[in-house]
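In terms of this note's numbering, the sequence shown opens at residue 482 and continues consecutively.
Every residue, glycine too, gets a C-beta built ideally from N, C-alpha and C.
All remarks here apply to the structure that follows.
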Amino acid sequence: MLMPKPDEAVLAKRGEIIAALREIVPGEGVIAEEDEMRVYESDGLSAYRQMPMIVVLPETTEQVAEILRYCHAEEVKVVPRGAGTSLSGGALPLADAVLLGLGKFNRILDVDFENRAVVTQPGVTNLGITHAVQDQGFYYAPDPSSQIACSIGGNIAENSGGVHCLKYGLTTNNVLGIEFVTIEGEVIRIGGKHLDAEGYDLLGLMTGSEGLLGVVTEVTVRILRKPATARALLVGFASSEAAGTCVAEIIGAGVIPGGMEMMDNPAINAAEDFVGTGYPRDAAALLIVELDGPEVEVDYLIGRVREIAEANGATSLRVSESEDERNAFWAGRKSAFPAVGRISPDYMCMDGTIPRKMLPEILRRMSSLSEKHGLRVANVFHAGDGNLHPLILFDANQPGELETAEAFGGDILKACVELGGVLTGEHGVGIEKRDLMGEMFTEVDLDQQQRVKCAFDAKGLLNPGKVFPKLHRCAELGRMVVHQGKMPFPDIPRF
């Protein structure tokens with residue numbers, strides 16, 4: 482993976498930058514020793530590592546604004562970081578950049594049940610919001626698998642989804658407002674506790690912008706009432722194709738489950754070994770279908786889903802009879818990533834999205850690609866919205882296997898685009914998919930996207946090297962001038 486060449490002039494004044502940042506964030510807020518910075522050298526895409534130049538941990542919006550104002554004036558790059566759970570390298574440091582960590586922004590500021598809103602700092606975990614309101618029967622709907630650790634600010638950066646996004650939407654559908662700081666140090670507020678705002682949809686623009694446009698320092702999210710009833714079906718199939726067809730037919734019948742997940746046999750057995758919730762080990766594929774709402778509605782929908790599953794050759798079917806059993810059904814799925822970690826020295830978690838009707842075809846292609854590359858793959862899907870999370874199993878200690886895994890992942894994402902899908906569903910582009918952007922977008926498309934970046938960050942200082950496969954500079958009148966010749970991109974060490 483290639484990144485911009487470090488700026489030697491910036492590296493030469495590292496001591497000066499450290500001193501300036503310590504003036505802004507006194508005490509232990511600036512980390513400059515190599516051993517202490519080591520924990521920041523990668524995010525969840527741990528195959529790629531790079532030591533940051535400096536780490537700074539502000540505690541207030543005013544400190545963030547001063548840091549960015551200083552970095553803008555001195556033309557120092559900045560990489561924002563939340564909890565570091567990104568699986569696309571979105572928070573990967575740069576050797577000549579300040580890593581701006583938001584872990585100290587960890588307080589919930591206001592819980593407003595009347596307006597069904599929570600105002601929180603960006604370092605609060607996703608699950609922490611639900612914990613703050615669940616005693617009153619509320620919850621925060623988006624629930625990525627890493628919800629116990631991932632921060633709400635990071636969720637906004639990547640537009641995270643989760644198990645229940647089919648019915649309740651992604652992060653973008655559940656965020657009401659944000660406060661963010663521009664690279665020039667200006668503090669801007671968008672939206673609030675109301676459901677919509679006038680003017681351009683800047684909130685939609687910021688959500689999923691991967692730290693390229695500004696640094697989020699406050700978030701207002703909507704919370705929902707816990708459904709009166711929620712029950713789940715655990716349905717086994719003799720083939721992944723049959724399970725994929727069942728998914729399409731459930732949605733086609735007008736049934737919108739609260740969540741609908743799919744796992745293939747390697748993932749089923751890994752999860753069962755890890756959690757032991759009673760998954761059918763002999764099933765080639767497993768669907769978990771959750772239905773929620775009034776009890777009478779849920780009972781009716783269970784019958785409809787049962788009919789569709791049986792018509793598609795379901796080999797087993799269980800319906801949860803208690804809240805504990807429903808949670809047990811989900812426990813294996815929520816633990817799928819660590820469970821797969823027990824059966825392979827390393828794995829690479831991919832993220833692509835396809836039209837639901839293409840599930841059987843993408844599964845056939847992945848099986849063929851597995852044979853082509855000689856690597857196993859375990860599949861976990863947000864099946865209801867076609868968001869795939871293939872886990873490519875490999876051993877980084879074996880020469881060439883990491884490169885083979887990357888090639889395998891690239892082929893999967895190319896297949897997603899070919900079948901009418903997109904490169905990412907919720908993990909973002911980062912560095913992982915950056916060089917595949919040309920598979921989906923033309924040069925004109927990418928240049929237009931870069932113009933948006935230029936409107937917010939004309940010097941290209943915020944999280945450079947991510948998302949866009951080519952470096953551009955912004956001309957005075959907003960035109961794009963591409964660097965002549967190829968920019969030098971040194972290799973990032975891989976482990």
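DSSP lists Thr601 as the bridge partner or partners of Ile589. Our two residues, Gly813 and Ala790, have alpha carbons roughly 21 Å apart in a direct line. Residue pairing for Tyr828: DSSP places it in a beta bridge opposite Leu874. Residue burial is scored here from C-beta neighbours: Ile664 has at least 16 other C-beta atoms within 10 angstroms and is therefore classed as buried. Rounded to the nearest whole angstrom, the C-alpha separation of Ile637 and Pro625 is 12 Å. Under a 10 Å Cβ-count criterion, Glu517 is classified as exposed, with fewer than 16 other Cβ atoms of the shown protein chains found around its own Cβ. About 14 Å separates the beta carbons of Met741 and Asn860, which is beyond the 8 Å limit, so they are not a contact pair. Distance between Gly909 and Ser632, taken at the CA atoms: about 15 Å. In this structure Ser721 is not in contact with Ala792, their Cβ atoms being roughly 17 Å apart against a cut-off of 8 Å. Remark: C-beta atoms of Leu647 and Gly725 do not approach each other more closely than 7 Å. It is roughly 10 Å from the alpha-carbon of Leu798 to the alpha-carbon of Ala713. Closest in C-alpha terms to Leu583, from the list Asp616, Glu842, Gly510, Ala500, comes Gly510. A contact between stretches requires three or more CB pairs, one per stretch, nearer than 8 Å, and the stretch 884-894 fails this requirement with the stretch 753-770. The DSSP-derived three-state label of Tyr681 is coil. Between Ile659 and Val592, the gap from beta carbon to beta carbon reaches 7 Å or more.
The beta-bridge partner set that DSSP reports for Glu514 is empty. Under the 10 Å beta carbon count, Tyr681 is surrounded by fewer than 16 other beta carbons and is classified as exposed.
Between the stretch 615-622 and the stretch 691-706 there are three or more C-beta pairs closer than 8 Å, enough to call the two in contact. Going by beta carbons, Val770 and Pro819 fall outside the 7 Å limit. The bridge partners DSSP lists for Thr710 are Gly774. Exposure of Lys486 is indicated by the presence of fewer than 16 other C-beta atoms within 10 angstroms of its C-beta. Proximity to Ser627 across Gly508, Ser567, Lys951 peaks at Ser567, based on C-alpha coordinates. In this model, Met918 and Asn868 are separated by some 18 Å (Cα to Cα). In the DSSP annotation of this structure, Asp624 is not part of any alpha helix (DSSP H), being labelled neither H nor E. According to DSSP, Tyr620 shares a beta bridge with Leu705. The Cβ atoms of Leu581 and Pro603 lie no closer than 7 Å to each other. Between Thr796 and Ala864, the C-beta gap is not smaller than 7 Å, which leaves the two residues out of contact. Cβ atoms of Thr834 and Gly902 come within 8 Å of each other, at about 5 Å. Cys897 and Cys830 have their C-alpha atoms roughly 15 Å apart. Here the stretch 840-853 does not lie against the stretch 878-886, with fewer than 3 beta-carbon pairs under 8 Å apart.
In this structure, the alpha-carbon of Asp832 lies about 13 Å from that of Gly525.
Secondary structure of Asp577 (DSSP, three-state): coil.
Using a C-beta cut-off of 8 Å, the stretch 685-700 makes no contact with the stretch 800-816, since fewer than three inter-stretch Cβ pairs fall below that distance. Between Val668 and the set Cys955, Thr542, Asn587, Ala578, the nearest pair of CA atoms involves Thr542. Cα atoms of Glu806 and Asn746: separation of roughly 21 Å, rounded to the nearest angstrom.
By a beta-carbon distance limit of 8 Å, Pro950 contacts Asp916. Their separation comes to about 5 Å.
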